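Asks: The sequence shown: position 24 = 25 (my numbering), numbered continuously.
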Amino acid sequence: LIGITCGLAIYNSTVVDLHFPLALYKKLLNVKPSLEDLKELSPTEGRSLQELLDYPGEDIEETFCLNFTVCRESYGVIEQKKLIPGGDRVAVCKDNR
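#1: Look at the alpha carbon of Leu54 and the alpha carbon of Lys82, and state the distance between them as a whole number of angstroms.
#2: Touch check for the stretch 55-63 and the stretch 17-36: three-plus C-beta pairs under 8 Å?
#3: Which residue wins for smallest C-alpha separation from Phe69, given the options Leu50, Asn13, Pro44?
#4: Does the Cβ-Cβ distance between Glu59 and Ala92 come in under 9 Å?
#5: Between which two residues does the beta strand (DSSP E) containing Cys7 stretch?
#6: Quick check on Asp96: buried or exposed, where buried means 16 or more other Cβ atoms within 10 Å of its Cβ?
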């Protein structure tokens with residue numbers, strides 16, 4: 002819906018006061034978004050990842066129990082998306098965080 006609205010505004014030469022996140026512009030320019038961009042879009046996830054990066058201990062795998070997947074709920078169904086190939090079988094450790 003937002004794409005249609007923006008397209009109509011451009012087609013009709015109408016100025017619409019829309020503010021898009023910096024990460025969107027970076028994606029359009031083929032620039033890799035940063036952790037700071039994620040913090041702007043989703044502060045909770047950004048803060049959590051920053052805490053993981055800043056964790057001083059060696060026992061990351063045992064403390065956080067994470068792998069390279071993300072779970073999202075969509076229309077009442079929980080979907081698991083692999084962030085890397087085989088991400089459900091790769092534990093997050095100090096070397097790959």
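Beta carbons: idealized from backbone N, C-alpha and C, even for Gly.
Fair warning: this is a prediction, and the values are worked out from it, not measured in the lab.
Replies: According to the structure shown:
#1: So the alpha carbons of these two residues sit roughly 21 Å apart.
#2: Segment contact: the stretch 55-63 against the stretch 17-36, fewer than three CB-CB distances shorter than 8 Å; contact not assigned.
#3: Comparing alpha-carbon positions, the option among Leu50, Asn13, Pro44 lying closest to Phe69 turns out to be Leu50.
#4: Taking 9 Å as the Cβ cut-off, Glu59 and Ala92 do not qualify as a contacting pair.
#5: For Cys7, no beta strand (DSSP E) encloses it; the enclosing alpha helix (DSSP H) starts and ends at 3-12.
#6: Around the beta carbon of Asp96, a 10 Å sphere encloses fewer than 16 other beta carbons of the protein chains shown; the residue is thus reported as exposed.
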